[in-house]
Amino acid sequence: MKYLAGYPEDLKKQVQGLVAEKKLASLLLKKYAVAHEVRTDKALYQYVLDLKSRFLRNAEPISKVGFDNKIHVLQHALGMHTFISRVQGGKLKAKHEIRIASVFRNVPIEFLRMIVVHELAHLKEKEHDKAFYKLCQHMEPDYHQFEFDLRLYLTHIDLAGEALWGGQAEAV
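Using the UniProt record's numbering, you'd call the opening residue of the sequence shown number 1 and step up by one each time.
Below is the structure:
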């Protein structure tokens, strides 16, 4: 239950009950029937830009977006936002990149949106504080529910070793 470490004990016991009764997978599949169609880095880039233009028009541009095989959920990263500053000539150039763990190439769109919203929020708010989560909820009102359900899915993969929406389960 490492993905649910910060949640209340009664909630963790409910999840343990679902796991013991082998009902966690069916609950997730009932709630989220199909995986998203964003399969390529190009499609992911467009998806991220669409969300950015809808909610963060004045934020700095994003130079690169893609799925990344090197991000391991075990290291508590679902995605990464990187900010690189370089001096070119007499000017300081900044680049923002967003990388999403490849394990999320075959998940419901709600999970992908939650991760993308999280990474986009880092364009405005660097720390995981109240303002950060308020921005996440502005972009995705069900942010916290999707995050919890994603943690349930990661728990399922961790215990059962299988993906639910196609693709192979990666080591989480």
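Backbone N, C-alpha and C define an ideal beta-carbon position, used for all residues, glycine too.
In the same chain as Y47, and ignoring 5 residues on each side of it, the C-beta atoms closer than 6 angstroms to its own belong to V38, in chain order. Per DSSP, the unbroken beta strand (DSSP E) holding E97 starts and ends at 91-101. Annotated three-state conformation of V34 is coil, per DSSP. With at least 16 other beta carbons inside 10 angstroms of its own, E119 counts as buried. DSSP links G66 through a beta bridge to R99. Per DSSP, the continuous alpha helix (DSSP H) segment holding H156 begins and ends at 143-160. Pairing I109 with H36 gives a Cβ-Cβ distance under 8 angstroms.
Between I100 and I62, the gap from beta carbon to beta carbon reaches 8 angstroms or more. Around the CB of K93, fewer than 16 other CB atoms lie within 10 Å, so the residue is classed as exposed. For V87, DSSP records a beta bridge to L92.
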